[in-house]
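Just so we're aligned, residue 1 is where the sequence shown starts under full-length UniProt numbering, counting upward by one. Ideal Cβ positions, reconstructed from N, Cα and C, are used throughout, including at glycine. See below for the structure under consideration.
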Amino acid sequence: MTRVQLLVKICRLIGSAAVPTALGDGWPGDVTVALPDGEIRQIALHVSTVSPHNRREWEFRFQNPANRSPVAARAGAIPILLGLWEEDGHPTLLVATDGTSRIGREARFSVLFDTRVAGQARTTGWAVYQSGSGEKIYAFRPSMFPIFIAVLANGLEAPDLGSSIDDAISSAAIASGLIDDENDASATRVRRAAAVLVRHYAFSRNVLNAYGHRCAMCGIGAGLVVGAHINPVAAEGAPDAVWNGLALCHNHHAAFDAHHIWVDPETRNIVFNEEIARGLEEDPALGAFLDKTFPVLAEPALPQQSPRRAMLEARYEFFADRYDWL
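Written out as C-alpha cells, the structure reads:
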C-alpha cells in the first residue's frame, strides 16, 4: 500500500469529519477536519503504519519515510504525525502526536510508545502515553480523531491539566457505546460529549492562567484549583470568558456551587451563609476553612479579566431562590 493509499484509508476510517483536500505524497497530505463543536480546522497529515520496535518487546513505533521527506505544514495547518495500528482480532487504532516540534526535520526518526497504550485505547477508546522527553502520544478509535484535533487546537494537551481531560474523554467514549459498536451513532454521541468537555477544560485552563493557578478565595495552589463559571453554563447566553469565571479550590468551589458563599458584585466582599458558622460546634474544622478565606475576592493580574459585576448579578438572578438567606 502506498502512503497516499494509506492516507485515504485512514480518512475513510475516521469518517465524514475528515476530508482530504490535497493528497500530496501522504507525507503530508492536506485534510480538513470538522471538530466536535463544528469548527473546521486544516491539518497536515503525515501517515505511517505502526510496527514493533525490535529493541524492546513492549515498545512499538511508526516512522517517517526512508527518503527523509521533511515534516511540513501550510500556514495555519496543524502538523499531525499518525500511525495506523491494525492487529488481527483487535479493533483498529490510530496513534498520533503533534508534529510541530519536528517541522522541517528530515533525519530518520521513530515515534515510540509503550504497547500498553493499545490495551487501554481498545478498552476505553482513548489513551495517552508520555515519552521520556515529555511528548504526548495519543491512541484512540478512528472516529475519535476530531476529538484529538480539538484537544490540540485548544491547547488541552498541556501537562498542567494532568490526566483529567483524558479520563473524561475515555468515560464519554464508554458511555457513548463506541467501545461495543463503533458506528455513526456512537461516534456522534462521543463527539457531542467531547465538545462539552473541550469547552469546559479550555475555559477552566484560561481562568486558572488568569489567577496564577491560585484560589481567588484562599490563595491555595498546588494543583488543587479549578476554573468555575460565575453565571452558570445552564444560564442562556452565559459566556466562557475569563471575566465570567473564578479560580477556586475544591472546598470553595463546592461551597460556591452549593450557594453558601455570596460575593458582593460591587465591593467583592466574600459573605458566608450563617448556617456554615452555626456548624462550627459539630465540625470544628470549619473554623480553619472560614479563617483561611479572604475577606475580599482576589483579582486576576489583568484588570480586563476581573469578574464582571453583571455576571455576579446574573448568577444571583438565575439562582434567586438559593440566596434567600441573604
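Asked: Just reading off the alpha helix (DSSP H) that Leu7 is part of, what are its end residues?; Found: 3-14
Asked: Using the DSSP secondary-structure output, state which residues sit across from Leu246 in a beta bridge.; Found: Ala228
Asked: Would you kindly report the start and end of the unbroken beta strand (DSSP E) that includes Glu59?; Found: 59-63
Asked: Which term fits Arg3, buried or exposed, when burial requires 16 or more other beta carbons within 10 angstroms of its beta carbon?; Found: buried
Asked: I'd like to confirm the pairing. Which residues does DSSP put opposite Leu82 in its beta bridges?; Found: Val47, Ala96
Asked: Three or more C-beta pairs closer than 8 Å, one from the region 222-237 and one from the region 201-211: is that the case here?; Found: yes
Asked: How big is the Cα-Cα spacing for Val19 and Leu286?; Found: 56 Å
Asked: Measuring alpha carbon to alpha carbon, tell me which residue in Val263, Gly223, Trp58 is nearest Ala314.; Found: Val263
Asked: What's the gap between the Cα of Leu94 and the Cα of Val151?; Found: 15 Å
Asked: Return the Cβ separation of Ala173 and Val190 in integer angstroms, given the expectation that the two are a contact with Cβ distance under 8 Å.; Found: 5 Å
Asked: Please identify the residue among Gly125, Gly245, Glu135, Thr92 whose C-alpha is closest to the C-alpha of Thr100.; Found: Glu135
Asked: Alpha carbon to alpha carbon, how far is Ala121 from Ser133?; Found: 22 Å
Asked: Under a Cβ-count criterion, where at least 16 other Cβ atoms within 10 Å of its own Cβ denotes burial, should residue 352 be classed as buried or exposed?; Found: Only positions 1 to 326 of the chain appear in the structure, and residue 352 is not among them; the question remains open.
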